[in-house]
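Using our numbering, the first residue of the sequence shown is number 23, and each one after it goes up by one.
Please read the structure below before turning to the comments.
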Amino acid sequence: MMLASDGGFNMDSHVTKNTLRTTYGLAMFLAVALCLVLPLHAQVVTVSVQGRVYDTTGAAIPQPTVTVVNAATGLSRSATATAMGEYQIPSLPVGDYTVTAEKTGFQKSAKKLHLDVGAAATLDFDLAPGQVTQEVTVQDVGEVAEPTRTMVSSVIDEQKIANLPVNGRQFIDFALLAPGVKIGDTTSGSTDVIIEPVTKLSFAGQNIHYNFIAVDGADNISTASGVQKYTPSQEAVREFRVVNSSYSTEFGRAVGGIVNIITKSGSNDFHGSAYEYFRNEKLDAGSILASSDPSTCATPGVLSSGGCTKLNKLRQNQFGFTLGGPVVKNRTFFFANYEGQRRRESPYYNSIILNGIDDINAFKAAIGFPLENLNVTRNTDYNNVLARLDQSIGEKTNVFVRYFFNDGSLRNYSPLNDGFDLPSGFKNNDDKDHSLVGNISTVFSPSLVNELRLQWAHRNYDFPTASSQPHMEVANQFAIGVNRGNPDFYKESRFELVDSLTKNVGRHTFSFGGDYNWVRTTESFPLFYPFEATFLCINPGPGACFVSNLQDHDPVVLFFERFQAPNFDEASFDPSVFQLSHYPQSVRNDALGVLDHTYSGFFAQDNWRATSHLTVNFGVRADGESWPDGVLNKQWGVDPRLGIAYSPGKWHNLVIRAGSGLFHGIVPAPLLACQKPSCGGQVKFRPQEDDLNSVTELWGFINNTCCGPGTGYAAGGFMANAFNGLIAGNYPNPADPLTPGFLGPSTIVRFTKDHKQPYGIQNSLAVEFEPFKDTVLNVSYLRTHGVHLGSFYNINQAPNPGTPQICGLHDSAGGTGCKAQFIPASANFVFFEADSRWYSEFDGLLVNLNRRVSHHVGYGISYTWSKSLDDGPNPSFVLIPQDTFDFHAEKALSADHVAHRLVGNATFEGPTKMNAVLNNWQLSTIVSLESPHYFTKFAGLDTNGDGFTSNDRVGIEPRNTFKGDSFQSVDLRVSRTFKFTERASLQALAEAFNTLNTVNIRFYNTAYTAADFCPAGGVGVCGPGPYFREGSPNPNYGTPRAVFNPRQIQFALRFTW
23 MMLASDGGFN MDSHVTKNTL RTTYGLAMFL AVALCLVLPL HAQVVTVSVQ GRVYDTTGAA
83 IPQPTVTVVN AATGLSRSAT ATAMGEYQIP SLPVGDYTVT AEKTGFQKSA KKLHLDVGAA
143 ATLDFDLAPG QVTQEVTVQD VGEVAEPTRT MVSSVIDEQK IANLPVNGRQ FIDFALLAPG
203 VKIGDTTSGS TDVIIEPVTK LSFAGQNIHY NFIAVDGADN ISTASGVQKY TPSQEAVREF
263 RVVNSSYSTE FGRAVGGIVN IITKSGSNDF HGSAYEYFRN EKLDAGSILA SSDPSTCATP
323 GVLSSGGCTK LNKLRQNQFG FTLGGPVVKN RTFFFANYEG QRRRESPYYN SIILNGIDDI
383 NAFKAAIGFP LENLNVTRNT DYNNVLARLD QSIGEKTNVF VRYFFNDGSL RNYSPLNDGF
443 DLPSGFKNND DKDHSLVGNI STVFSPSLVN ELRLQWAHRN YDFPTASSQP HMEVANQFAI
503 GVNRGNPDFY KESRFELVDS LTKNVGRHTF SFGGDYNWVR TTESFPLFYP FEATFLCINP
563 GPGACFVSNL QDHDPVVLFF ERFQAPNFDE ASFDPSVFQL SHYPQSVRND ALGVLDHTYS
623 GFFAQDNWRA TSHLTVNFGV RADGESWPDG VLNKQWGVDP RLGIAYSPGK WHNLVIRAGS
683 GLFHGIVPAP LLACQKPSCG GQVKFRPQED DLNSVTELWG FINNTCCGPG TGYAAGGFMA
743 NAFNGLIAGN YPNPADPLTP GFLGPSTIVR FTKDHKQPYG IQNSLAVEFE PFKDTVLNVS
803 YLRTHGVHLG SFYNINQAPN PGTPQICGLH DSAGGTGCKA QFIPASANFV FFEADSRWYS
863 EFDGLLVNLN RRVSHHVGYG ISYTWSKSLD DGPNPSFVLI PQDTFDFHAE KALSADHVAH
923 RLVGNATFEG PTKMNAVLNN WQLSTIVSLE SPHYFTKFAG LDTNGDGFTS NDRVGIEPRN
983 TFKGDSFQSV DLRVSRTFKF TERASLQALA EAFNTLNTVN IRFYNTAYTA ADFCPAGGVG
1043 VCGPGPYFRE GSPNPNYGTP RAVFNPRQIQ FALRFTW
């Protein structure tokens, strides 16, 4: 298989035949599954209603008829209750319903309610004696209790999605309204393998890679990134449920949390909309990390001369339309949405970069590289389409088919997204996502229901570099040139089959099900091409922390791979490769790898209504996954779960919920990002290696980084000579006796054969009640313990001798290794081990108060008081443990820890029939408050001598002890609706994000640039001074590296009919 010149792939006949065989096998599997109606698992996209029918004395009415009618589509379904008056009507689409109960000799009763996604609503009836009449008063019951629900969750309904302000109109941001959910900082200080332009969520302090996001019940997680892919636009989403903890075994593959999204469907009336959202930087406040236009400076072209105009460009247009209605009334409906975005903005940069750009460019000019131009424009464009068709086949079968396509185009995007890199390290992205989902819900009888779902999804994610300059990094401070942590190309194909079968037997509801996913991932991952050089920040002076090491061309670490050489042993190469705008096609091909991956889950459970007040939900789930044979033995995690819901009576619809269970996830695919052979090299293996560990020709040079320049093998200028030689296109001479490195076949990452599946142990206790009408209060305690979480560690780290000599490596795989004498490593050399040795802990109090919009007012308040601990489960090469021999020393506050988080939202609707001036105004707001985040104090040196400078901490300081600032933001929306007819109206709105223009710092520069705290460490460690924050010799220590948005204004017009 080879990459074509257009970035796509050409298949040779062998691969084509294998693909055809695979496709044929999947087709046969599907055919058998459909014939047998295999009871496979489905993420819940339907709802149910249940209850009892009494007379006015409280006695059960035997066998009344209960009928539900969907207000939008006319869908009608009836059921005859039991002799005890109990009824249940399952497998209904989300929506508004009228439910009626009737029995000869009694007056008919009707109630109107809304059924949220995943709801199991309880609705009881009291029928008065008398004759059935044609005129029935329908009672609007508002909020409906769910006394049988055991999960801890929140629903983001259509009103909130339509009315609340959200920056960027990514509706998934509304998940942040729920307690126990925050923006994830898992990859803070490292690289996201794939830059998904989506909000990354952390549930219960867990890693962002351990969530499950479903759209219409179908898996929407990117295998490569471990987070959600593009989702449909805000206009196409009806509602979604945020699940903190679910003890139903139908939910799987989520150590953290679950988001279950339902798209809109058509109705019996034609409806549509057209909209335009507009932004311009002229309306906004400026960022404190905005770059400057050099042409406007006091000395044109010299930023340090001052007086420059700040670059705060932000111009955005989001536009689109929706259309939905009947094809055949009461039977067939369609819904369609198109949305486009055109966004142009100025990137923001680390304060170190802004203060030192002139010196950075002086260094680049000296080595003949193009200068950095901070005045670039970042483009974020997309076009997406959603089309959905719903079909009712009688009263017993409902079918929907939904297709979603997104065509995204990003230019000058930061693969780090945290202020660490410059434009030469930016990347471009063309992403095409397809998803086709079909769902069949069949009611075989009032007590037997089946739901079957299929998904085909395909992603083509081209992620080329914006330059081909080598990666040159000043440790823990900034980087020039290509980022070494991202694939250059990624393609994923997915086939998914899910199904569930539900049987009611008396007070028991038995469910059986499972799912099957087949995923093929193709990646090109040129890790160390053309080379990587790391410099230290030593003897810093104000604004020039990096000068003495960077401008002396004296790196402490060098890595490179010989991608283009037939035998990996050429002495030189063409240095013009550094002047390209992207990687050569041959390099992309050399770094190409293909992985097939399957995962499956099966469950069985019983929802037992033990009494009219007590529901017990218990069952077991098994989740398994497989990678290529010999790589990861097929593993199955067995998850027993128990949930209890107790409703003592009618007092404020009080419900007490408790649960406990295990939740297995999947192995994060970033752990396999350098395999077979996607980081480059050759697929050749040794007996002790499995067949997923590719061998590459890697030559690394390690300076005496633990002790500083001027000592060890660095003395004599070898590293500077090697660096200058690479710049000129000459590889270092392996015959040089002073070569401080290793040469030969090496495995960059070895994937542990006994790698375990990650899982979480969750326990919760919750109390929910209605303090007053239309308002629900939930208070819960949640504990989550993550086990066998995956990350990397340096398998060849040697104990630091603590003396001024070279800090060497040893080869734990049994070879000669790379010791202090720097004998060239044998073919056994392994750098990193991908293992499952990490863990996490979360304890939190979650409070959630919600009132739907009623009598012109709706609001919600969520509060989280929590503590998150872990030992650094970040699937990245960068933030590996500081000491391989002491994992316990990594235990600290999690990067996703936030002690207190309070989010409030409110919607106020004005009068509709008062006068032409005051009618149809609406005001809504979201207020977010968070206590400080914590960050790691890095030494900025290789104090442990393992050849890597990114993971070393100051002294014996634990992880995440640098206390940042708190977060405060107020978002506002003001709108007015102008009605033209009963159905046609125009809404004009204005939104302000971070209305008070609070400076909220996202990340800090935390490179201390000394091995111990100063000045106590002495001149030999700290230098002569001056010293700055916390005694750091680095004037940039504690300065902002990235910030959240300043105040931004958006206007919009929205026409609906």
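Even for Gly, the Cβ is constructed at its ideal location relative to N, Cα and C.
Small disclaimer: the values here were computed from a predicted structure and weren't measured.
C-alpha distance - residue i paired with residue j, whole-angstrom precision
i	j	result
residue 229	residue 72	37 Å
residue 1149	residue 236	Any question about residue 1149 goes unanswered here, given that the chain covers just 23 to 1079.
residue 245	residue 740	42 Å
residue 965	residue 578	12 Å
residue 967	residue 676	60 Å
residue 462	residue 419	7 Å
residue 172	residue 778	29 Å
residue 126	residue 153	7 Å
residue 85	residue 151	15 Å
residue 441	residue 161	56 Å
residue 744	residue 755	9 Å
residue 793	residue 906	53 Å
residue 493	residue 487	11 Å
residue 802	residue 330	53 Å
residue 232	residue 262	19 Å
residue 429	residue 544	19 Å
Limits of the unbroken alpha helix (DSSP H) element including residue i
i	result
residue 610	607-612
residue 978	Per DSSP, residue 978 belongs to no alpha helix (DSSP H) and is neither H nor E.
residue 1041	1041-1044
residue 645	Looking at the DSSP string, residue 645 is not in any alpha helix (DSSP H); the run it does join, the beta strand (DSSP E), is 636-648.
For residue i, the three-state DSSP class (helix, strand or coil)
i	result
residue 229	coil
residue 539	strand
residue 1064	strand
residue 910	helix
residue 318	helix
residue 597	helix
residue 566	With a pLDDT of only 41 at residue 566, under the threshold of 50, the placement of this residue in the model should not be trusted, and no figure is reported.
residue 491	coil
residue 707	Low local confidence applies: a pLDDT of 48 at residue 707 is under 50, so the model's placement there is unreliable, and no value is given.
residue 59	The predicted position of residue 59 is uncertain, since its pLDDT is 35 and thus under 50; no value can be drawn from it.
residue 987	coil
residue 813	strand
residue 431	strand
residue 1071	strand
residue 260	strand
residue 195	helix
residue 153	coil
Candidates the options, of which the one nearest residue i by Cα
i	options	result
residue 359	343, 627 and 501	343
residue 991	126, 82, 94 and 187	187
residue 941	781, 872 and 933	933
residue 1054	1072, 478 and 1027	1027
residue 250	886, 649 and 455	455
residue 310	1066, 783, 660 and 148	1066
residue 490	240, 398, 506 and 689	506
residue 557	954, 607, 501 and 523	501
residue 997	989, 987, 1003 and 1008	1008
residue 1063	444, 688 and 929	444
residue 880	798, 960 and 308	798
Limits of the unbroken beta strand (DSSP E) element including residue i
i	result
residue 142	142-144
residue 513	511-527
residue 925	922-931
residue 298	293-302
residue 472	470-484
>> List, from N- to C-terminal side, the alpha helix (DSSP H) runs of 4 residues or more that fit wholly inside the region 347-421.
In response: 373-388
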